[in-house]
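So the structure is just underneath, and the comments pick up after that.
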Amino acid sequence: MLEKREADVIIIGGGIMGCATAYRLAKRGVDVLVLEKKEIGNGGSCRNAGGVRQSARDPKELPLAMYAVQNIWPQLSEELGVDVEYHQGGNLRLGLTDKDIKVLENHTAKSTKLGLEVEMISGDEARKLCPYMSEEVVAASWCPSDGHANPLKATLGFYRKALQLGVTFVTGVKVMALEKVKGRIRKVITDDGVYEADQILLCAGYESRRIANTVGIDAPVERQFNEVLVTEAQPKMFDIMLGVAGGEFYGHQSEHGSFVLGGNSGLQAFTSNNDNFVTNSLTAPCISRGIIKYFPILENVKVVRTWSGWYDQCIDVLPVIDNIKEVPGLTVAFGFSGHGFGISPAVSIAVSELMLDGKSTTIDISQLTYDRFHAKG
């Protein structure tokens, strides 16, 4: 059997965006081929804390988050035939200082204008929802419809459904460049030869910028290092997704009982000089100190493992989701800035519509276009 080298659509990137969009396209009868440098879900898709969050999002991407929560996540396990461990227990974003409160109030005001049910509550009200919280917490934002899910199960669920619909996945292939033929995108040049399609979706995380550069497209996206720790299993304490105004930590308690917690050590410039997802011994203690400030009850809980990964941070902390006018046939979806997992099911719908219908009719993504970075004349 000859190896497949052509398709209607080539997707570059086998993370949750690529797998979910492949599934959506295949449902509409499109012949899809996915190229992935490592293993399916090896990047940020499976290296995050699983937040399915609407609160504290920029209003420009909030429609994606709200659509996903209202219309996709509650039925996703049934749709994929995999328990993605989606739990809609709400999200508390905590504040310790007056500065924190202003940050949370600003997010809350912007979100309620778009119809999201989110409110500011006092520290005492937050402790009623989560009794294990420190007395230092003076206020919080509360969004009862937020939640969390299992990133690995969700990503592989989309992958499995795409396979069932005939999508071809090729792993272990590094994309070197894109090429146009007669003014349109056509070829994907890899270290394993050339693949061809009439349309190409570029959703390869932080590597997307390098690949897009080969056809003269550039967006201000850089990679950012992120580390997450997992604790030993504990008795069930709460189902709430947690975050803080200052970004010191975020996470939740899994169904297994362990806590999955990420955070910002402030030492990324000194700890992230690697390409092999190697965690640093400095990071876990820094994150742990931040966690204990909010949840002293976890002080003696053991960290059993850590993991790390890169995410694609855009200069305005918003994704780029667009058909590229300068390169007909090329669609991009990257720059998710560390909060793409929760919106990924909705992004897949928007992107499939962009590619097949010319625009997203289901969800408003009009403020996430590539040309927002262009100088205005």
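In terms of this note's numbering, the sequence shown opens at residue 241 and continues consecutively.
Ideal Cβ placement from N, Cα and C applies to all residues, glycine included.
Cβ separation of His347 and Gly387, assumed to be a contact under 8 Å, to the nearest whole Å: As a position in the sequence shown, residue 347 is number 107, starting the count at 1. As a position in the sequence shown, residue 387 is number 147, starting the count at 1. Not confirmed; about 18 Å, so no contact.
Neighbour flag for Glu318 against chain B, beta carbons, 8 Å: Protein chains in the displayed structure number just one, and chain B is not present.
For Arg449 and Gly598, the rounded distance between their alpha carbons: Looking up residue 598 in the sequence shown gives position 358. Looking up residue 449 in the sequence shown gives position 209. Looking at the two C-alpha atoms, the distance is approximately 23 Å.
With 16 other Cβ atoms within 10 Å as the buried cut-off, status of Val274: Residue numbering aside, residue 274 sits at position 34 when the sequence shown is read from its first letter. By the 10 Å Cβ count, Val274 comes out buried.
As assigned by DSSP and simplified to three states, the class of Tyr326: Numbered from 1 along the sequence shown, position 86 holds the residue referred to as residue 326. Three-state DSSP puts Tyr326 in coil, outside helix and strand.
Through-space distance from Pro536 to Ser374, alpha-carbon basis: If you number the sequence shown from 1, residue 374 lands on position 134. If you number the sequence shown from 1, residue 536 lands on position 296. Taking the straight line joining both Cα atoms gives about 6 Å.
Neighbourhood of Tyr446 by C-beta, 6 Å cutoff - its chain only, sequence neighbours within 5 removed: Position 206 of the sequence shown, counting from 1, holds the residue named residue 446. If we look at Tyr446 and ignore the five residues flanking it on each side, its Cβ neighbours are Arg463, Trp550 and Asp552.
Cα-Cα separation between Ala380 and Asp338, rounded to whole angstroms: What you label residue 380 is simply residue 140 of the sequence shown in a count that begins at 1. What you label residue 338 is simply residue 98 of the sequence shown in a count that begins at 1. For Ala380 and Asp338, the distance between alpha carbons rounds to 11 Å.
Three CB pairs or more closer than 8 Å across the region 575-585 and the region 270-288: yes
Burial state of Ser521, where buried means 16 or more other Cβ atoms lie within 10 Å: On the sequence shown, residue 521 is found 281 positions in, with the first residue counted as 1. Answer is exposed; the Cβ neighbour count stays below 16.
Sequence-distant residues of the same chain with beta carbon closer than 8 Å to Thr519, five excluded per side: Stepping through the sequence shown from its first residue, residue 519 is reached at position 279. Cβ within range, chain order: Glu467, Thr546, Trp547 and Ser548.
Same chain, Cβ closer than 6 Å to Val343, five either side skipped, listed in chain order: Here the question's residue 343 lines up with position 103 in the sequence shown. Answer for Val343: Ala485, listed in chain order.
Close beta carbons around Lys414, own chain, < 7 Å, minus the five adjacent residues each side: Within the sequence shown, residue 414 is the residue found at index 174, counting from 1. Taken in chain order, the residues that qualify are Lys277, Thr430 and Asp431.
Alpha-carbon spacing of Pro460 relative to Cys554, whole angstroms: Position 220 of the sequence shown holds residue 460. Position 314 of the sequence shown holds residue 554. Cα to Cα, the separation comes out at about 6 Å.
Cutoff 7 Å; reference Gly406; Cβ partners in own chain excluding five residues on either side: Taking the sequence shown and counting its residues from 1, the one referred to as residue 406 is at position 166. Excluding positions up to five away in sequence, the list reads Ala266.
Of the residues Val377, Pro568, Phe613 and Trp313, the one placed nearest Leu441, counting alpha carbons only: Translated into positions along the sequence shown, residue 441 becomes position 201. It is Pro568.
Chain-order list of residues whose beta-carbon lies under 8 Å from that of Val541 (same chain, five-residue window excluded): By one-based count along the sequence shown, residue 541 stands at place 301. If we look at Val541 and ignore the five residues flanking it on each side, its Cβ neighbours are Thr471, Glu472, Gln474 and Phe499.
Asp271 versus Ile532 - alpha carbon distance: Indexing the sequence shown from 1 puts residue 271 at position 31. Indexing the sequence shown from 1 puts residue 532 at position 292. Spanning the two alpha carbons is a distance of roughly 50 Å.
Bridge partner(s) assigned by DSSP for Met360: Position 120 of the sequence shown, counting from 1, holds the residue named residue 360. Met360 pairs with Ser381.
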